[in-house]
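So the structure is just underneath, and the comments pick up after that.
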Amino acid sequence: MSTTAAARHPPAPAHGAGPATGGPVTGPEVGTAAGDGGVKAGGRADRAAERKPTPASSEKHAALPPSGQTTPQSGKPPQQQAAPPPARDSSPHVPRSAEVVSAQQPTPTAIAVTASAVDPPPKYLLNQLKYRLDIQDPLALYEAAKKDSEEEKEGTAGSVQARVVYAVFLRNPTAPWKDHERALKLLTAAANTEPPEASDPLRVAVAIANSLLGDWYRRGIVCATNYNISFKHLKRGADLGDHTALAAVAEMYERGAGTPRDEAKAFFYYRKSADADCLRSIFKVAQYYETGKGIELGSLFAKATYYYRLGAARNHFPSLLRLAALSLDPSSETYENLAAAVPAAKTPRTMHNCAIAHSTTKHGARPDFVQMRKWLLKAAQMGHARSQWLLAKIHQDGRVAEGESGQMNATRAFYWFHRAALQGYQPAQLAVSALYRTGTYGVMQHLKLADTWHKAATRCGCQKVRPEAYDLACVSMYSLTEASGPVWNGQQESDRVFDLLKSAQSPATTPLVSGGPALPPLRFDVEKPTPTPAADVFSPTDGFKDMASLVASFGLKPDQLLQDRNARVPTMKVLTDYATTYPTSIPSFLAAKRAFIAGEKNSMLQRHAFAVKEYAAGFRSLTGFFDLESPDLKLLAATSVQHVLTAKPKHADALLVDAFLNMLTRPPELGIIACNRVLDAAPTESVALILRGGYRARCYMFDEAIEDFGAALRIEQQATEQTKVKDLFKIKANAVMAEALFQLGVAHSNLEGREHRVASVRYLMMYLHATPLESKRTADAHYTIAASCLSLSHPDKLISHFSSGLEAESCRPHFLPPILNADLKARLTLEVRYAVVTGRTHVRSLPWAALPLETMRMIEGELGAEGSITRECLACGSTRKTKTCAGCKIARYCSTNCQIAHWIRGHRAECNPNMLAQAVPVPVIAPAALTAVAAKSAIRTTY
């Protein structure tokens, strides 16, 4: 159903024998589609009480008043020829009953009409026409419209207005005077009237007549369906200024019904209809902006979000759902956020993304080759390999901005290719190999170097050949234009240059929920001859129409929750069973679980404000019991978040929940911006400070991360009124304070210097003092302290804290997430064994390969095994099929790439042929003494 018909004729249930909805109406015997023509759809009157009047007498009979009244012309009562039609039920949803007609009534011989049996045209239609607004009685309005249509001068506003109203009356399928042929004739005459140039009542009336006539032909009302005639009249009505026809014209352009398909014109009319406040058109404009369909510049996520938010503000569920889906897609970030991430994170990746954003319009930046080249140069100078490669291609192709003069710079091209190749970027390595092999672009031909770089490009650390590397190089297939940006032929999606903002699939085919239905395509099936009219303004192409259809797509069993689908997330029953085993920790776990369950239920009931409040309470507990890997659960929560943010953009709880929902998918640089929005709305939100500190730590901004964690700790001390407690070992830490202490210790452990190691141990000891043994971070805290003790050369404390970490790990509930750094535990295992073997006198200071043979046999068994630590690649950690460095005879690498990478990282300064000869022997304990020391240290043998 077109927006014109839906807006002009609100849907209503059928009465009598006529169906409420269905295909196009082809005759008077069939009830019309719901809401057609501004009247309620219904069937014929009871056949025993109705006689179809002949065309000659239809107007005469239709003019007769009800029985017992006088005619306006003669003042005499009419002869009774037919019984009055039965009274319509006052409820529009209850079908008329045939039993209303009394069996005692005599057989009628004339048509008598009561006011209750007449459905007048819609009020707003009369208001638009400004026709007879003083008449409230439908019968009187009918008589006036009939009289004016006959007596008004042809071509005047009054004549056109009267004909439109009279045609709507004659089209009424429940009225005894219905005459579809005459209604079509009157409306056609009104629509074909020549309108004036200036806006006046006649122009408005002609526009409405054309829109109404076009809608009749489009849906087969009182006439056969004809898309060509329908489009002609609908477009004329839209061009004359009738806003209700704009959406119908746009839809016909989109579908190619009655006119050739034209996405640009469809978008133009949808945009005009959206400006006229049509809800359906607002959603369609948002879809066009999201996909870039019909828009010369391509997709614009900022514009799409704006229109989706307009629809969500009017409770349009498909708009709200798409808004939620976009909020969970990292590729839909705006240029404003990308640019803000540059000073916030100071990483070359943010500069690279700004460069790529200037090659397209979808992120909100204008295509600008100069700005793109500027950001690429900044990222390349900071060592971003892909930016270096792209900058090399620009120099190789001689690309310049419009108005610039320039030529190919072969020297700069090879320089940036070589810089990227040294970092192991395979396309650049193949490009360098090709340049050395051919001797082109000013590079001296060198076949040996060409073979070396080709070998490096086609092998990775596991020695597996990657044939797709030839496609990744794109040496001959690469192209770059200001309009379309870089074209990456043959590259896999995960290897695209826009790695931080991975492009999502088309929203027309991407399922919003796992296992649920996909969003239907925006185009309807043109092979269908006549699409079934919808019952309201929501088209089936809107995807999920309401929350009920979305929840039904999840496939939940009765009383099942989305959070119970993941076995790694504990249920309420599991937590309750552990209540007696862990009486200290389980109460807080139960409170967090109840909050998430309440949030999920409130989201399904569309109590979004309550849902967001519960989600925020659950996330503030920092338990990790929300399944962030479930797209269904995240989409449900994001729907509530976006509903609240639509009404209040700076809602602190909603912004905090949004930051947590995107924690696993949002890049850390953009995560900092999301946390900044939370802190702008609530400066004392300590959880947002901890989350921002974590993002900064992932960007290696450890000093800034320590500031955030310290600020969160101070805020929580003030909130719990513990500011006067100077000794942090004596504070009563809640979950947020404990997390801040742990993160402070980890952040300090990543900084160089003895003072940071000591600070790390101090904060982690505070954390252990404030939390029970079964806490989720206890084992990680002990392992981190052990690593600091290793750096501080305290073998006894290394062994002690490693043992405590093993004990804490064995006491952890099974439903808690695994430890954060399993690799650290594996490394510490060998270091502890070395300390035990050497009698706890010192920690290891030489490479594993420099240690005596008998020492290594005691630590890891028979030397020469395939997984021996002595065969470890110093660049990637692999222990399989490594080769020794030809210089120092100690360092081992699994590939040329790893050797190049480790050489750049500093091996060039330490590579010494005499390194092995200078190795200092270390004391070795006898096997019997080793057994005693191992037993005394109480180290578990399970590691």
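Everything in the sequence shown is counted per the working numbering, starting at 4 for the first residue and increasing by one. All C-beta atoms in this analysis are idealised placements derived from N, C-alpha and C, irrespective of residue type, glycine included.
- Rounded to whole angstroms, the gap between the alpha carbons of Ser214 and Gly297 is 24 Å.
- DSSP places Tyr581 in the coil class of the three-state scheme, outside both helix and strand.
- The C-beta distance from Trp378 to Met354 rounds to 5 Å, short enough to meet the 8 Å contact threshold.
- Shown here for Arg312: same chain residues with a beta carbon closer than 7 Å to its own, the five before and five after excluded, namely Leu326 and Thr649 in chain order.
- In the structure shown, Arg895 adopts extended strand secondary structure according to DSSP, grouped into three states.
- Nearest C-alpha to Asn824 among Leu856, Val839 and Ile788: Ile788.
- Restricting attention to Glu155, Gly161 and Lys156, the CA atom closest to the CA of Leu136 is found in Gly161.
- For Gln448, the closest alpha carbon among the candidates Ala459, Val435, Val660 and Arg623 is that of Val435.
- In the DSSP secondary-structure assignment, Thr887 is bridged to Arg895.
- Between the C-alpha atoms of Arg699 and Phe705 there is a straight-line separation of about 7 Å.
- Annotated three-state conformation of Gly367 is coil, per DSSP.
- Distance from the Cα of Ser152 is smallest, within the candidate group Asp332, Val168, Ile138 and Gln139, for Val168.
- Inclusion of Ala315 and His646 in the CB contact set at 8 Å is warranted, their separation being smaller than that value.
- DSSP places Thr832 within a helical segment (H, G or I) once states are collapsed to three.
- The Cβ-Cβ distance between Leu578 and Lys596 falls below 8 Å.
- Note on geometry: alpha-carbon atoms of Ala762 and Gly748 lie some 7 Å from one another.
- With respect to Ala889, Leu877 sits apart: the two C-beta atoms are not nearer than 8 Å.
- Around the CB of Asp454, fewer than 16 other CB atoms lie within 10 Å, so the residue is classed as exposed.
- Ala416 and His398 have their C-alpha atoms spaced approximately 5 Å apart.
- Taking the Cα of Ala598 as reference, the smallest distance to any Cα among Tyr581, Gly621 and Lys604 is reached at Gly621.
- Proximity to Pro586 across Pro775, Trp219 and Val345 peaks at Pro775, based on C-alpha coordinates.
- Contact between the segment 276-287 and the segment 260-267 is not established, with fewer than three Cβ pairs separated by less than 8 Å.
- Counting only runs that start and end inside the segment 712-780, the alpha helix (DSSP H) elements of at least 4 residues fall at 738-752 and 757-773.
- Annotated three-state conformation of Leu854 is coil, per DSSP.
- Nearest in C-alpha terms to Gly842, of all of Arg166, Tyr770, Ala437 and Thr858, is Thr858.
- Between the segment 361-369 and the segment 708-717, the count of Cβ pairs shorter than 8 Å is below three; the stretches do not touch.
- In the three-state DSSP reduction, Gln902 falls in the helix class (H, G or I).
- Pairing Tyr292 with Ala277 gives a Cβ-Cβ distance that is not under 8 Å.
- Under the DSSP assignment, Phe320 falls in the alpha helix (DSSP H) whose first and last residues are Phe320 to Ser330.
- The DSSP-derived three-state label of Gly259 is coil.
- Ranking Glu672, Val839 and Met550 by CA distance to the CA of Leu324 puts Met550 first.
- For the pair Leu132 and Gln290, the Cα-to-Cα distance works out to about 33 Å.
- Following the DSSP letters along the chain, one finds Met385 in no alpha helix (DSSP H), marked with neither H nor E.
- Counting C-beta atoms within 10 angstroms of its own C-beta, Glu688 has 16 or more neighbours from the protein chains shown and is therefore classed as buried.
- The beta carbon of Ile676 sits closer than 8 Å to those of Asn340, Ala343, Ala344 and Ala347, all from its chain and outside the five residues before and after it, given in chain order.
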